[in-house]
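The block underneath contains the structure these notes are about, expressed in structure tokens.
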Amino acid sequence: MSQRRRFLVDPPVQLAIIRRMLMHWTIALGSLMLIGIAVQLIFAAENVSVMQAISQSYSAQAPLLALMFVLMPVYAWDVIKLSHRFAGPMLRLRAILSELADGGTAMKLKFRPGDFWHETAEDFNRFYETHLALKKRCEELEAIVKRYESVENNDSMPSSEVSAGSGS
Numbered sequence: 406m407s408q409r410r411r412f413l414v415d416p417p418v419q420l421a422i423i424r425r426m427l428m429h430w431t432i433a434l435g436s437l438m439l440i441g442i443a444v445q446l447i448f449a450a451e452n453v454s455v456m457q458a459i460s461q462s463y464s465a466q467a468p469l470l471a472l473m474f475v476l477m478p479v480y481a482w483d484v485i486k487l488s489h490r491f492a493g494p495m496l497r498l499r500a501i502l503s504e505l506a507d508g509g510t511a512m513k514l515k516f517r518p519g520d521f522w523h524e525t526a527e528d529f530n531r532f533y534e535t536h537l538a539l540k541k542r543c544e545e546l547e548a549i550v551k552r553y554e555s556v557e558n559n560d561s562m563p564s565s566e567v568s569a570g571s572g573s
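In structure tokens form, the structure reads like this:
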């Protein structure tokens, strides 16, 4: 896959995804800890206090928790890399749409290999070709209307103005 120039290509979208992933990660780890504590409280051979159950559960799950915290940045990085495959194409589409809305001309939309939504690019390019053809036809029709208006204006002028206008 080609190199990206930015770490986050669409920060609001990508940070929302990372926040959601971290929220789910935290809920999953918290749930595992609570299950471990409940198991200690329910199935312990002798009566244990809640603090003892927390301590025993933590010591039993410490390696798993350490591994999960070590892997969290790896998963976050992978989610960011994956999100580039749809955030980047949408960024390019938005830029082209903005340019067209401002009256400019844009080039055809092309996504990188491995990006999502190549079909969207194909659909946009079909739309863009139609847009260009309609824009060209509109310009042709505007030119025809201007010619008719100028002929009509010359026909409505008195003959002295027409001869004076044509003699210049």
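Our numbering applies: residue 406 is where the sequence shown begins, and numbers increase by one.
Just so it is clear, CB atoms sit at the ideal spot from N, CA and C, and this is done for glycine as well.
Exercise. DSSP three-state call for Asn452: helix, strand or coil?
Worked result: coil
Exercise. Excluding the five sequence neighbours on either side, which residues of its own chain have a C-beta within less than 8 Å of the C-beta of Leu469, listed in chain order?
Worked result: The answer, listed in chain order, is Leu437.
Exercise. Beta-carbon separation of Met426 and Val484 under 8 Å?
Worked result: yes
Exercise. Taking the alpha carbon of Ile422 as the point to measure from, which residue in Lys486, Tyr463, Ser460, Ser454 has its own alpha carbon closest?
Worked result: Lys486
For this session: Measure the Cβ-Cβ separation of Arg552 and Phe521 and say whether it is below 8 Å.
Result: no
Exercise. Straight-line CA distance for Val578 to Ala465?
Worked result: No answer is possible for residue 578: the residues shown for the chain start at 406 and end at 573.
Problem set entry | Ala471 versus Asp415 - alpha carbon distance | Ala471 and Asp415: Cα-Cα distance of roughly 31 Å.
Problem set entry | Nearest-angstrom Cα separation, counted from Gly441 out to Ser488 | 34 Å
Exercise. What residues in its chain sit with their C-beta under 6 Å from that of Ala380, if we drop five residues either side in the sequence?
Worked result: The chain is shown only over 406 to 573; residue 380 falls outside these bounds and no answer can be derived.
For this session: Could you name the residues of the same chain whose beta carbon sits closer than 8 Å to that of Ser573, not counting the 5 residues immediately before and after it, in chain order?
Result: Unreliable positioning characterises Ser573 in this predicted model, as indicated by a pLDDT of 43, which lies under 50. The coordinate reading is nonetheless provided below. Exclusion of the five residues before and after Ser573 leaves no residue of its chain whose Cβ lies closer than 8 Å to its Cβ.
For this session: Measuring alpha carbon to alpha carbon, tell me which of Ser460, Ala538, Trp482 ends up nearest Val444.
Result: Of the listed residues, the one whose Cα sits closest to Val444 is Ser460.
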